[in-house]
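The numbering of the sequence shown is UniProt numbering, which starts it at 1 and goes up by one.
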Amino acid sequence: MSGNSLLLSSSSASSSSSTATTTTLPASVNNEVTCNLCPKSFASHKLLQQHQHMFHTDKAFICEICGKAFRFRSNLAEHRSVHTALKPYVCKFCGKSSRLKEC
1 MSGNSLLLSS SSASSSSSTA TTTTLPASVN NEVTCNLCPK SFASHKLLQQ
51 HQHMFHTDKA FICEICGKAF RFRSNLAEHR SVHTALKPYV CKFCGKSSRL
101 KEC
C-alpha cells in the first residue's frame with residue numbers, strides 16, 4: 001500500500017464461513033477527502049461529488065440568444081427572462097416587479 005491511500009477493511013462471519021472486504025480510498029487529511037481538481041477538502045465523498053459537479057463540470061446549457069452557458073437547466077430558464085420585457089415576479093415586501101425571484 002502506498003503512502004497516498006487509506007485502507008479500510010470490514011468482515012462478516014457466519015456459522016459456516018466468513019468474508020472480508022477491503023477498500024482503498026484516496027488519502028485524506030483529518031479524515032477529509034481532497035478534490036483532485038482544486039485544493040478544497042470535504043468531510044465525505046458525497047460532498048466531494050457535489051462540489052465536483054457544481055464547480056468542475058462543463059456548462060452544458062447555453063442561451064441561444066446571447067451564448068451565456070449554465071451548468072443547470074433551471075439557471076438557463078431563469079436567465080432567459082433577461083431577454084424579454086416580462087417581469088413575472090413581484091416582491092412580497094416592496095411590491096416591485098422583477099425578472100428574478102429575489103428582490
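We put the beta carbon where it would ideally sit given N, CA and C, even for glycine.
Quantities reported herein were computed from a predicted structural model and do not represent experimental measurements.
Residue i classed as buried or exposed, judged by whether at least 16 other C-beta atoms fall within 10 angstroms
| i | result |
| --- | --- |
| residue 82 | exposed |
| residue 100 | exposed |
Beta-carbon proximity of residue i to residue j, cut-off 8 Å
| i | j | result |
| --- | --- | --- |
| residue 72 | residue 55 | no |
| residue 74 | residue 87 | no |
| residue 53 | residue 68 | no |
| residue 76 | residue 63 | yes |
| residue 35 | residue 51 | yes |
Which residues DSSP lists as bridging residue i, in chain order
| i | result |
| --- | --- |
| residue 70 | 61 |
| residue 82 | In the DSSP output, where bridge partners are listed per residue, residue 82 has none listed. |
Worksheet item: Considering only residues of the UniProt domain "C2H2-type" (33 to 61), which uninterrupted alpha helix (DSSP H) runs meet the minimum length of 4 residues and lie entirely inside it, listed in chain order?
Response: 45 to 55
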